[in-house]
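Before any comments, here is the structure.
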Amino acid sequence: MQKKIIVAIDGHSSCGKSTMAKWLARQVGYIYVDTGAMYRTVTLHALQNGYITPEGIDEEGLRKSLSEVQVSFRLDPNTNLPLACLNGTVVEQEIRGMEVSNHVSPIAALPFVREILTAQQQQMGRDKGIVMDGRDIGTAVFPDAELKVFVTASAKVRAQRRFDELTAKGETGINFDDILRNVEERDYIDSHREVNPLRQAPDALVLDNSDLTKDEQNAWLLARFDERTNQQ
Ligand code: DC
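Position 224, counted from 1, in the sequence shown is what numbering that gives the first Met the number 0 calls 223; the numbers after and before it change by one each time, with no gaps.
Here's what the structure looks like:
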């Protein structure tokens, strides 16, 4: 039997990390965890409870409130994919909108938020057999992951993908330039924050998918997975 491994997929926002991570997990029968959804869920909680104000983030209030907050996943019985839940309620739709997208980076930069979610992610991967995507999976959450991939694509390509995604979901009043600005801003904050910034792990394989089709990138990923599991 093949040994189970941890697959860490990191990279910039909207570069198709979760699409490929989900695909691989399904293909090889692993659990898929979208850690961005966890940061988004905490952001939704912060917005809903007034911890994000025009004056800034009420860090102390948010920190105290987190002991009462449960971030989890529930499997969608139809697609078998995980749905993010906030205190037991599915919040997939709410966490993908522009309001959460516009506020998530500063929330994800808070050390106490990262500490709580990192511990939860490490717990989820304790038995391996997991594909996890995010920003710091190969560097901070699972520095010993057997397969690390760092995915990237140009900001314009990524903004166009996000624009198409939101349009397909029927979100109205969206504008390409706003999305591009959001993508660039998030890149900046994600890679310049003090705690666990977005950074390529030295032993990560880089995949620039600006000019790749989904099938091409999936084939590439599966080949790397096979290499690593056959080496074990
Ligand atoms: O992958 P995403 O766009 O859903 O991520 C949302 C935000 O969460 C993004 O600003 C980066 C942050 N994030 C993070 O800091 N660390 C992770 N492991 C995953 C996401």
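Every residue gets a Cβ at the ideal spot worked out from N, C-alpha and C, and that includes glycine.
Are the beta-carbon atoms of leucine 61 and histidine 102 separated by less than 8 Å?
Along the sequence shown, read from residue 1 onward, the residue named residue 61 stands at position 62. Along the sequence shown, read from residue 1 onward, the residue named residue 102 stands at position 103. The answer is no: Cβ separation not under 8 Å.
Is the beta carbon of phenylalanine 141 less than 8 Å from the beta carbon of glycine 124?
Mapped onto the sequence shown, residue 141 falls at position 142. Mapped onto the sequence shown, residue 124 falls at position 125. Their beta carbons are under 8 Å apart, which means phenylalanine 141 touches glycine 124 by this criterion.
Going by DSSP, what residues sit across from methionine 19 in a beta bridge?
As a first step, residue 19 must be located in the sequence shown, where it is residue number 20. Paired residues: none, contrary to the question.
Report yes if the CB atom of leucine 23 is closer than 8 Å to the CB atom of glutamate 58, and no otherwise.
The count along the sequence shown starts at 1 and reaches residue 23 at position 24. The count along the sequence shown starts at 1 and reaches residue 58 at position 59. Taking 8 Å as the Cβ cut-off, leucine 23 and glutamate 58 do not qualify as a contacting pair.
Endpoints, the beta strand (DSSP E) within which phenylalanine 72 is located:
Here the question's residue 72 lines up with position 73 in the sequence shown. Per DSSP, phenylalanine 72 belongs to the beta strand (DSSP E) from 70–74.
Considering only their Cβ atoms, is the gap separating alanine 154 from glutamate 193 smaller than 8 Å?
By one-based count along the sequence shown, residue 193 stands at place 194. By one-based count along the sequence shown, residue 154 stands at place 155. No; because the gap between Cβ atoms is not below 8 Å, this pair is not in contact.
Is the CB-CB distance between arginine 161 and isoleucine 178 below 8 Å?
Residue numbering aside, residue 161 sits at position 162 when the sequence shown is read from its first letter. Residue numbering aside, residue 178 sits at position 179 when the sequence shown is read from its first letter. Closer than 8 Å, so yes.
Closest to arginine 185 by CA distance: which of Asn86, Cys14, Lys213 is it?
On the sequence shown, residue 185 is found 186 positions in, with the first residue counted as 1. The option with the nearest alpha carbon to arginine 185 is Cys14.
Output the distance between the C-alpha atoms of glycine 96 and arginine 180, rounded to the nearest integer angstrom.
Here residue 96 refers to the residue found at position 97 of the sequence shown. Here residue 180 refers to the residue found at position 181 of the sequence shown. When rounded, the distance between both Cα atoms is 15 Å.
Could you check how far apart the C-beta atoms of aspartate 75 and leucine 82 are, in whole angstroms? I think they sit under 8 Å.
Within the sequence shown, the letter at position 76 stands for residue 75. Within the sequence shown, the letter at position 83 stands for residue 82. About 5 Å; that satisfies the 8 Å criterion.
Under the rule that 16 or more other beta-carbon atoms within 10 Å means buried, what is threonine 212, buried or exposed?
Position 213 of the sequence shown holds residue 212. Exposed, since its Cβ has fewer than 16 Cβ neighbours within 10 Å.
Just to confirm my understanding: we take tyrosine 38, look at its own chain, exclude 5 residues before and 5 after, and list those with CB closer than 6 Å. What are they?
The count along the sequence shown starts at 1 and reaches residue 38 at position 39. Val103, Ala107, listed in sequence order.
I'd like to know whether the C-beta atoms of lysine 147 and alanine 200 end up nearer to each other than 8 Å.
Looking up residue 147 in the sequence shown gives position 148. Looking up residue 200 in the sequence shown gives position 201. A contact, by the Cβ cut-off of 8 Å.
Meets three-Cβ-pair contact criterion under 8 Å: the segment 63–72 and the segment 1–8:
no
Reduced DSSP secondary structure (H/G/I, E/B, other) of lysine 147
As a position in the sequence shown, residue 147 is number 148, starting the count at 1. DSSP places lysine 147 in strand when its eight states are reduced to three.
Is the CB-CB distance between lysine 21 and leucine 116 below 8 Å?
The residue you call residue 21 lines up with position 22 of the sequence shown. The residue you call residue 116 lines up with position 117 of the sequence shown. No.
Extract the residue ranges of the beta strand (DSSP E) inside the segment 136–193, only unbroken runs of 3 or more that lie entirely within it.
146–151
Spatial distance of glutamate 226 from glycine 55 (CA atoms)
Reading the sequence shown from its first residue, position 227 is the one you call residue 226. Reading the sequence shown from its first residue, position 56 is the one you call residue 55. Computed Cα separation, rounded: 47 Å.
Hey, valine 32 and isoleucine 129 are a contact pair by Cβ (cut 8 Å); roughly how many whole angstroms apart?
Position 33 of the sequence shown, counted from the start, is the residue given in the question as residue 32. Position 130 of the sequence shown, counted from the start, is the residue given in the question as residue 129. Confirmed, about 6 Å.
Quick one, are the C-beta atoms of glutamate 145 and isoleucine 30 less than 8 Å apart?
Locating residue 145 in the sequence shown gives position 146, counting from the first residue. Locating residue 30 in the sequence shown gives position 31, counting from the first residue. No, they are not a contact pair.
Rounded separation between glutamate 98 and asparagine 229 - CA only:
In the sequence shown, counting from the first residue as 1, residue 98 sits at position 99. In the sequence shown, counting from the first residue as 1, residue 229 sits at position 230. Approximately 44 Å between the Cα atoms of the pair.
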